[in-house]
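Residue numbers (the numbering used here): -18 to 555. A virtual CB, placed ideally from N, CA and C, is assigned to each residue, including glycine. None of the values given here were measured: they were computed from a predicted structure. Okay, structure first, notes after.
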């Protein structure tokens, strides 16, 4: 046992060395930028975990509070005293909070508009609130809420049958269906929480709940079929919510892209023209006058059933050997061997007709239960030469390597996750490896160019869809006619873009993020300022953040607190 005097001396030394919590020190230290980001991440996750119903006023209030509190904290930061990395973190957090506030307010406004066709939402929310607040529920009042919700749902069904909602925006109705289904899940969870455990609730609510639920389900179904216009069990119709030009500009500002949607479409068309010229050269090498004939020839170069996994494994290791022989990037030994492989279900292939990747590469290929036509379409879409570009995109140096590095380098930046880094990085490698003669022959080039054309097309169809200039069916036709997709695969790609839960810029981010990194490579590596290995390693070490912030790191850009994106990266790739 030590004396009190000795303990006091040891504590004084520890405080001076900074090895004890700040609560023991005389003056608490200000939070670092990393601490602020981690606190905001935890607070936001806490609100999402605590308040699960998106229509809940409590959730709205709590999230608004987190965002505005973080804005106030940022206003107290002495920006000029920060290091370069800390300034990057400051700007990243400021940008994210500003974006989240704008998006939050936009979502609330759209939800409130959708509530016009969800009159039963209010009594359901009042009932669910007991559960959300973990309160002892008033059984009689809960039964009254259920009876009211049932009555309002019956009236709504009648009104829809009388065409009183014939002019209601079907896109708002689609949102109402989504929110209505969420309310049904939440009221069931609340009922299961109390039923059988609270005798008063069970006595009052057993019958009202049983009578209410089928009416609510019928009401949501009626909105879906009569107002949205989707038939029961329809899995083919593609429908989503275009966000419009103003919201697209907001998203572009958030991603630090200083271009308008129309300018980005022009960039995509320019890249498309390059792909067309290259595809024509490759087609002629194969003896075809029409690129479609060359592509159809390549599509038939697929392996037999059961051989796809082995082909994928071989392609993965071929890419690794190529990267190392050209000293392009540092690949840790564990990274090379820690990925897995799964096969994609037929149902999932309706949305993802091609590979997915990360810690696991998920392979699309026919199963014995698929129709003959679907089998042929899947094999043609996942042929050997198309796969030669997708395997390294999904594994190394693409998504698997990104997933490997992110927990090891600046993991606190995960909250800034952007597809311009995630997908742009993988697409950039497709471009770089093409330039470095990774394709063996014209068949490989056709395969790699197919994907490159597809990424150009994604910019065009996704932005035009959100601008209201293209319908989903027109997007499918565009992919078939302009890129050469099999029709089912084209429909799956558009369905994924429109209905897969992706952000409005996700599809455009592949090519645009790749062009950003290519522009930096031209300046820094081809310009003799960095080696390939140093350049690529440094990008991965920044984690998933907007590419312009990575450029600021690589060029040691003088950042200011009022930073605004001005980098015209596409102009630098000429």
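In three-state terms, what does DSSP make of residue i?
i           : result
residue 341 : strand
residue 172 : helix
residue 285 : coil
residue 366 : helix
residue 57  : coil
residue 487 : helix
residue 191 : helix
residue 141 : helix
residue 550 : helix
residue 358 : helix
residue 110 : helix
residue 594 : Lying before the first or after the last residue shown, residue 594 is absent from the chain, which here runs from -18 to 555.
residue 448 : coil
residue 25  : helix
residue 1   : Reliability of the predicted coordinates at residue 1 is poor, the pLDDT of 43 falling under 50, and the value obtained from them is presented with this limitation in mind. Note: residue 1 maps to coil in three-state DSSP.
residue 476 : helix
residue 219 : coil
residue 240 : coil
residue 44  : helix
residue 394 : helix
residue 37  : coil
residue 350 : coil
residue 115 : coil
residue 481 : coil
residue 7   : A caution first: residue 7 carries a pLDDT of 43, below 50, which makes its placement in the model too unreliable to give a value.
residue 314 : helix
residue 387 : coil
residue 182 : helix
residue 520 : helix
Within 10 angstroms of the Cβ of residue i, are there 16 or more other Cβ atoms? Answer buried if so, exposed if not.
i           : result
residue 557 : The structure shown has nothing for residue 557, since the chain only spans -18 to 555.
residue 371 : buried
residue 4   : Low local confidence applies: a pLDDT of 41 at residue 4 is under 50, so the model's placement there is unreliable, and no value is given.
residue 76  : buried
residue 354 : exposed
residue 429 : buried
residue 366 : buried
residue 472 : buried
residue 581 : What the structure shows of the chain is the stretch from -18 to 555, and residue 581 is not part of that stretch, so it cannot be assessed.
residue 108 : buried
residue 547 : exposed
residue 340 : exposed
residue 466 : buried
residue 242 : buried
residue 111 : buried
residue 474 : buried
Across which residues does DSSP place residue i in a beta bridge pair?
i           : result
residue 323 : 343
Going by alpha carbons, who is nearest to residue i out of the options?
i           : options            : result
residue 208 : 227, 327, 482, 98  : 98
residue 68  : 539, 292, 524      : 539
residue 105 : 494, 498, 194      : 194
residue 433 : 496, 421, 32       : 496
residue 424 : 131, 261, 187, 167 : 261
residue 200 : 240, 40, 142, 232  : 142
residue 532 : 349, 543, 494      : 494
residue 114 : 542, 313, 396, 175 : 175
residue 223 : 449, 500, 13       : 449
residue 33  : 315, 163, 518      : 163
residue 35  : 92, 338, 125       : 92
residue 61  : 552, 398, 543      : 543
residue 182 : 47, 125, 44, 247   : 125
residue 310 : 20, 80, 518        : 518
residue 529 : 500, 506, 204      : 500
residue 66  : 51, 506, 390       : 390
residue 185 : 120, 498, 230, 397 : 120
residue 421 : 505, 351, 299, 317 : 299
residue 378 : 346, 436, 304, 459 : 304
residue 358 : 283, 148, 454      : 283
residue 26  : 15, 14, 12, 43     : 43
residue 279 : 18, 360, 50, 40    : 360
residue 286 : 317, 348, 325, 166 : 348
Since residue i and residue j should fall inside the 8 angstroms C-beta cutoff, what is the C-beta to C-beta distance between them, to a whole number of angstroms?
i           : j           : result
residue 411 : residue 374 : 6 angstroms
residue 485 : residue 236 : That belief does not hold up - the Cβ atoms of residue 485 and residue 236 are roughly 11 angstroms apart, past 8 angstroms.
residue 514 : residue 308 : 6 angstroms
residue 323 : residue 293 : At roughly 11 angstroms, the Cβ-Cβ gap does not stay under 8 angstroms, so residue 323 and residue 293 are not in contact.
residue 491 : residue 405 : 7 angstroms
residue 245 : residue 489 : 6 angstroms
residue 96  : residue 102 : 6 angstroms
residue 206 : residue 138 : The pair is not a contact, with the Cβ atoms about 11 angstroms apart (cut-off 8 angstroms).
residue 479 : residue 221 : 4 angstroms
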